[in-house]
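Residue numbers (this note's numbering): 4 to 100.
Heads up, the beta-carbon is just placed ideally off N, CA and C, and yes, glycines get one too.
Predicted, not measured: the structure shown is a model, and the values here were computed from it.
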């Protein structure tokens with residue numbers, strides 16, 4: 004099974020929809036929200052990627068004066084080592100938008 008890392012740097016609804024479609028098809032999918040994309044994980048927004056895992060960049064969150072408590076329960080705050088591990092993992096395809 005192929006894994007996907009979809010990197011969203013803005014509020015791109017299509018990338019989140021793609022994450023949901025890939026996850027529903029049985030792929031392992033991580034939707035990584037960075038820069039302005041972190042706002043998609045705020046509680047006031049609907050889930051960002053269906054059954055895809057939602058990772059939120061901790062540095063981007065802090066730069067926007069947002070806290071982990073502001074996020075939906077399905078969002079996980081991560082730092083670059085976790086992202087780098089996934090970027091370098093075998094069988095993972097990366098889409099950076």
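Give me whichever residues DSSP pairs with residue i in a beta bridge.
i          : result
residue 56 : 33
residue 79 : 58
residue 9  : 34 and 98
residue 74 : 45
So, is residue i buried or exposed, given that buried needs 16 or more other C-beta atoms within 10 angstroms?
i          : result
residue 40 : buried
residue 99 : exposed
residue 9  : buried
Taking C-alpha atoms, which residue in the options lies nearest to residue i?
i           : options           : result
residue 38  : 82, 66, 49 and 55 : 66
residue 76  : 56, 16 and 97     : 56
residue 43  : 29, 17 and 32     : 17
residue 106 : 29, 78, 30 and 23 : With the chain running from 4 to 100 in the structure shown, residue 106 is simply not present.
Just to confirm, is the Cβ distance from residue i to residue j under 7 Å?
i          : j          : result
residue 95 : residue 6  : yes
residue 73 : residue 36 : no
In chain order, what are the residue ranges of uninterrupted alpha helix (DSSP H) at least 4 long that sit wholly in the region 12-52? Fully contained in the region 12-52 are the following alpha helix (DSSP H) runs of length 4 or more, in chain order: 16-27.
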